[in-house]
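> Residue numbers (this note's numbering): 54 to 553.
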């Protein structure tokens with residue numbers, strides 16, 4: 054295991070570089086020199102947004118939407134799926150399935166999603182190095198996106214609940230890949246001043262996907278006894294759409310120069326005024342890759358802070374994402390993450406108080422307010438920030454491996470919480486939120502002392518924040534915290550329902 058991690062973490066040797074560019078023009082009013090490429094429609098200036106850039110980002114975020122859709126779609130048809138399991142069991146064994154076995158099959162159908170996600174996220178490192186960016190995105194978008202939908206869609210026709218489980222496994226593989234590829238791609242093609250704002254698009258796509266799944270899962274739409282297979286297979290549509298659009302998306306200039314050594318193609322991907330500065334930064338980053346030992350720990354810790362915070366049952370509220378979209382480049386990633394963690398900790402304590410004082414009628418309203426605040430603070434920081442800040446903490450060389458390890462930690466925490474959470478509720482009752490609050494306080498302290506601010510900084514400037522000391526622990530904490538957050542809402546519903 055240790056050897057495998059070493060293979061992932063240490064980057065490849067730097068690629069040979071051609072002579073540096075001539076110096077940039079001394080005056081901004083001077084005409085474009087002949088040695089610089091013509092203006093590119095992709096990134097014409099350091100802070101402008103073009104239609105081509107928005108098209109590329111929107112196409113990439115379709116993968117995030119699929120992640121959200123497949124996360125939320127399994128909840129609505131639960132009773133229909135249990136009935137299908139029982140019917141299939143009756144046809145095979147001529148007797149009804151026992152409640153314990155039915156629950157086991159159902160739990161396995163849900164949890165297998167996280168297993169696929171773990172494998173998919175850890176595969177990002179391999180796929181990212183073996184193919185160009187658009188090809189890396191195209192492969193998982195083409196096959197798993199369609200096959201897994203067909204597997205679940207035809208499960209009733211084939212009378213096979215194993216097809217549902219297999220479909221969920223492939224779903225997780227697909228989503229695991231895109232939780233690493235999408236933030237990495239978005240971070241590399243976005244202008245530095247807008248990288249934080251665009252970085253929230255991944256989480257926005259996730260919550261929109263969850264919202265779509267919740268709406269389509271209504272009984273009057275696709276959540277009926279006859280239409281639930283269509284609900285599960287509907288994910289084929291965005292997969293096909295993404296396959297059509299991805300070939301028109303560009304590779305990032307950073308990937309072209311550092312990974313493929315295609316300097317001229319990389320120059321075409323930058324604007325006239327930014328060409329010299331961006332290309333010099335990329336070359337310096339490539340030259341430092343041989344001695345790069347950067348903060349893998351921060352990446353993993355950020356993802357853990359997202360998954361260990363208890364938000365799973367209520368993360369389909371997307372209002373906070375829009376606020377984060379405008380705040381992240383003003384307040385900064387670190388500030389918003391700290392504010393979100395602190396607010397969630399206070400909200401968790403407030404929910405504990407409401408459950409302990411449940412005999413008072415007013416506490417029911419306070420509990421609703423506490424849950425809403427919990428979700429709002431989650432979407433302000435711990436929701437979107439861990440996904441894109443990981444891509445900012447690493448240079449081009451170790452970035453794919455770091456995204457793979459951080460994403461795998463996120464999915465691992467997701468799986469662990471999914472299995473342990475029911476027992477935590479049973480053992481702790483209303484005090485279960487104290488566990489979440491303790492984790493949130495721990496991640497707050499870690500973020501305050503270890504996580505640097507990356508707002509408005511280039512990748513090279515961010516790397517200088519760590520000096521020569523390796524800080525691989527930082528990413529692990531942020532991922533663990535997120536998964537605990539994902540389940541606080543569910544605990545509130547279960548504990549409050551049991552108490553009343």
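Just so it is clear, CB atoms sit at the ideal spot from N, CA and C, and this is done for glycine as well. Please read all numbers here as calculations on a predicted model, not as lab measurements.
Hey, residue 120 and residue 228: beta-carbon distance below 7 Å or not?
Translated into positions along the chain shown, residue 120 becomes position 67. Translated into positions along the chain shown, residue 228 becomes position 175. In contact: residue 120 and residue 228 (Cβ atoms closer than 7 Å).
> Rounded to whole angstroms, how far is the Cβ of residue 405 from the Cβ of residue 420, which I believe are closer than 8 Å?
Taking the first residue of the chain shown as 1, we reach residue 405 at position 352. Taking the first residue of the chain shown as 1, we reach residue 420 at position 367. With 8 Å as the limit, residue 405 and residue 420 do not qualify as a contact, their Cβ atoms being about 10 Å apart.
> Please state if the CB of residue 497 and the CB of residue 401 are separated by a distance shorter than 7 Å.
Sequence index remark: in the chain shown, residue 401 carries index 348 (1-based). Sequence index remark: in the chain shown, residue 497 carries index 444 (1-based). No, the pair does not count as a contact, with Cβ atoms beyond the cut-off.
> Taking just the CA atoms, how far does residue 358 sit from residue 493?
One-based indexing of the chain shown puts residue 493 at position 440. One-based indexing of the chain shown puts residue 358 at position 305. In a straight line, the C-alpha of residue 493 is about 7 Å away from that of residue 358.
> Between the alpha carbons of residue 412 and residue 288, how many angstroms are there, rounded?
Mapped onto the chain shown, residue 412 falls at position 359. Mapped onto the chain shown, residue 288 falls at position 235. C-alpha separation (whole angstroms): 44 Å.
> Once the 5 residues before and after residue 265 are set aside, which same chain residues still bring their CB inside 7 Å of it?
Position 212 of the chain shown holds residue 265. Hits under 7 Å: 122.
> Going by other Cβ atoms of all chains shown within 10 Å of its Cβ, with 16 needed for buried, is residue 214 buried or exposed?
Here the question's residue 214 lines up with position 161 in the chain shown. It counts as buried.
> Given a threshold of 16 other Cβ atoms within 10 Å of its Cβ, counted over all protein chains shown, does residue 480 qualify as buried or as exposed?
Position 427 of the chain shown, counting from 1, holds the residue named residue 480. Residue 480 should be labelled exposed.
> Use the C-beta contact count for residue 173: other C-beta atoms within 10 angstroms, 16 or more gives buried, fewer gives exposed.
Indexing the chain shown from 1 puts residue 173 at position 120. When all chains shown are included, residue 173 counts as buried.
> When burial is assigned at 16 or more other CB atoms within 10 Å of the CB, is residue 418 buried or exposed?
Along the chain shown, read from residue 1 onward, the residue named residue 418 stands at position 365. Around the beta carbon of residue 418, a 10 Å sphere encloses fewer than 16 other beta carbons of the protein chains shown; the residue is thus reported as exposed.
> If residue 356 and residue 473 are in contact, beta carbons under 8 Å, what's the gap, nearest whole angstrom?
Residue mapping note: residue 356 aligns to position 303 of the chain shown, counting from 1. Residue mapping note: residue 473 aligns to position 420 of the chain shown, counting from 1. Actually they do not touch by this definition, with Cβ atoms about 18 Å apart.
> Is the beta carbon of residue 392 less than 7 Å from the beta carbon of residue 434?
Taking the chain shown and counting its residues from 1, one reaches residue 392 at position 339. Taking the chain shown and counting its residues from 1, one reaches residue 434 at position 381. With contacts defined as CB atoms closer than 7 Å, residue 392 and residue 434 qualify as a contacting pair.
> To the nearest angstrom, how far is the alpha carbon of residue 139 from that of residue 166?
Translated into positions along the chain shown, residue 139 becomes position 86. Translated into positions along the chain shown, residue 166 becomes position 113. One C-alpha to the other measures close to 21 Å.
> Skipping 5 residues on each side, what residues in its chain have a beta carbon closer than 6 Å to that of residue 387?
Residue mapping note: residue 387 aligns to position 334 of the chain shown, counting from 1. Hits under 6 Å: 504, 506.
> Keeping to the same chain, check which residues put their C-beta closer than 7 Å to that of residue 95; ignore five residues upstream and five downstream.
To locate residue 95, count along the chain shown from 1; it is residue 42. Caution is warranted here: a pLDDT of 43 is assigned to residue 95, below 50, making its placement in the model unreliable, and no coordinate value can be reported.
> Where does residue 479 fall in DSSP's three states?
As a working note, residue 479 is residue 426 in the chain shown. Residue state, collapsed to three classes: helix.
> Compute the distance between the beta-carbons of residue 259 and residue 111, then report whether it is under 7 Å.
Working through the chain shown from its first residue, we reach residue 259 at position 206. Working through the chain shown from its first residue, we reach residue 111 at position 58. A distance of 7 Å or more separates the beta carbons of residue 259 and residue 111.
> Rounded to whole angstroms, what is the Cα-Cα separation between residue 249 and residue 460?
Position 196 of the chain shown, counted from the first residue, corresponds to residue 249. Position 407 of the chain shown, counted from the first residue, corresponds to residue 460. Whole-angstrom Cα-Cα distance: 19 Å.
> Given residue 376, which residues of its chain have a CB within under 7 Å of its CB, disregarding the five upstream and five downstream residues?
Stepping through the chain shown from its first residue, residue 376 is reached at position 323. Since pLDDT at residue 376 reaches only 49, below the 50 mark, its modelled position is unreliable, and no value is offered.
> Using only the alpha-carbon positions, how far apart do residue 470 and residue 464 sit?
Here residue 470 refers to the residue found at position 417 of the chain shown. Here residue 464 refers to the residue found at position 411 of the chain shown. The straight-line gap from Cα to Cα measures roughly 10 Å.
> Suppose contacts are defined by Cβ-Cβ distances below 7 Å. Is residue 440 in contact with residue 236 by that definition?
Here residue 440 corresponds to residue number 387 of the chain shown, with the count starting at 1. Here residue 236 corresponds to residue number 183 of the chain shown, with the count starting at 1. Yes; because the gap between Cβ atoms is below 7 Å, this pair is in contact.
> Measure from the C-beta of residue 300 to each C-beta in chain C and report whether the shortest distance is under 7 Å.
Absence of chain C from the displayed structure is noted, only one protein chain being present.
> Quick check: what's the CA-CA separation for residue 161 versus residue 219?
On the chain shown, residue 161 is found 108 positions in, with the first residue counted as 1. On the chain shown, residue 219 is found 166 positions in, with the first residue counted as 1. Near 11 Å, if we compare the C-alpha coordinates of residue 219 and residue 161.
> Check whether the Cβ atoms of residue 270 and residue 129 sit closer than 7 Å, and answer yes or no.
As a position in the chain shown, residue 270 is number 217, starting the count at 1. As a position in the chain shown, residue 129 is number 76, starting the count at 1. The answer is yes: Cβ separation under 7 Å.
> Is it buried or exposed for residue 524, if we count other Cβ within 10 angstroms and need 16 for buried?
Translated into positions along the chain shown, residue 524 becomes position 471. With a pLDDT of 40 at residue 524, under the threshold of 50, the modelled position of this residue cannot be trusted, and the question is left open.
> Please classify residue 212 as buried or exposed, where buried requires at least 16 neighbouring CB atoms within 10 angstroms.
Counted from its first residue, the chain shown places residue 212 at position 159. Per the 10 Å Cβ criterion, exposed.
> What three-state label does DSSP hand residue 494 in the structure shown?
Residue numbering aside, residue 494 sits at position 441 when the chain shown is read from its first letter. Helix at residue 494.
> Have a look at residue 152 and residue 171 and give me their C-alpha separation to the nearest angstrom.
As a first step, residue 152 must be located in the chain shown, where it is residue number 99. As a first step, residue 171 must be located in the chain shown, where it is residue number 118. So the alpha carbons of these two residues sit roughly 29 Å apart.
> If I measure Cβ to Cβ from residue 150 and keep anything under 7 Å in the same chain, skipping five residues before and after, which residues do I get?
Locating residue 150 in the chain shown gives position 97, where the first residue counts as 1. 138, 139, 142.
> Anyone know if the C-beta pair for residue 455 and residue 352 falls short of 7 Å?
Working through the chain shown from its first residue, we reach residue 455 at position 402. Working through the chain shown from its first residue, we reach residue 352 at position 299. Taking C-beta atoms as the reference points, residue 455 and residue 352 count as a pair closer than 7 Å.
> Tell me whether the beta-carbon of residue 426 lies closer than 7 Å to the beta-carbon of residue 483.
Taking the chain shown and counting its residues from 1, one reaches residue 426 at position 373. Taking the chain shown and counting its residues from 1, one reaches residue 483 at position 430. No; because the gap between Cβ atoms is not below 7 Å, this pair is not in contact.
> Excluding the 5 residues preceding and the 5 following residue 127 in the sequence, name in chain order all residues of the same chain whose CB lies nearer than 7 Å to its CB.
Residue numbering aside, residue 127 sits at position 74 when the chain shown is read from its first letter. Excluding residues within five positions, the ones whose Cβ falls inside 7 Å are 163.
> So what does residue 400 bridge to, in DSSP terms?
Within the chain shown, the letter at position 347 stands for residue 400. According to DSSP, residue 400 bridges with nothing at all.
> Ignore the nearest five residues each way along the sequence and tell me which others in residue 398's own chain have a CB closer than 6 Å to its CB.
As a first step, residue 398 is located in the chain shown; it is residue number 345 there, counting from the start. Answer for residue 398: 490, 493, 494, listed in chain order.
> From residue 509 to residue 231, what does the alpha carbon distance come to, in whole angstroms?
Working through the chain shown from its first residue, we reach residue 509 at position 456. Working through the chain shown from its first residue, we reach residue 231 at position 178. C-alpha separation (whole angstroms): 25 Å.
> In whole angstroms, what separates the C-alpha of residue 225 from that of residue 423?
Against the chain shown, residue 225 aligns to sequence position 172. Against the chain shown, residue 423 aligns to sequence position 370. Whole-angstrom Cα-Cα distance: 31 Å.
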